[in-house]
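Remarks on the structure that follows.
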Amino acid sequence: MIFFPAIDLKDGQCVRLLRGDMDKATVFNDDAGAQGAAFADAG
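Sequence positions in the sequence shown follow numbering that gives the first Met the number 0 and run 0 to 42.
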């Protein structure tokens, strides 16, 4: 099985959206590039 991670972005930050609502976003990482690199490093 192949997983494709998705990164939602808001104001340059990686966020998780509650039911797709941008007003209800939880910030997980302030650096979108670093988060992408972490996904790539994880394989």
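Built from N, CA and C at the ideal position, the CB exists for glycine as well. Note that this is a predicted model, so its numbers are computed, not measured.
*Confirm, please, whether the CB-CB distance from residue 27 to residue 4 is below 7 Å.*
The answer is no: Cβ separation not under 7 Å.
*Can you grab the Cα-Cα spacing for the pair residue 30 / residue 14, in whole Å?*
Each residue's Cα considered, the two are about 10 Å apart.
*Of the choices 1, 11 and 16, whose alpha-carbon is the least far from that of residue 32?*
Distances from the CA of residue 32 to each of 1, 11 and 16 were compared; the closest alpha carbon is that of 11.
*asked:* Give me, in chain order, the residues of the same chain whose beta-carbon lies closer than 7 Å to that of residue 25; leave out the 5 immediate sequence neighbours on both sides.
replied: Taking C-beta separations shorter than 7 Å and ignoring five residues to either side along the sequence, the partners of residue 25 in its chain run 14 and 15, following chain order.
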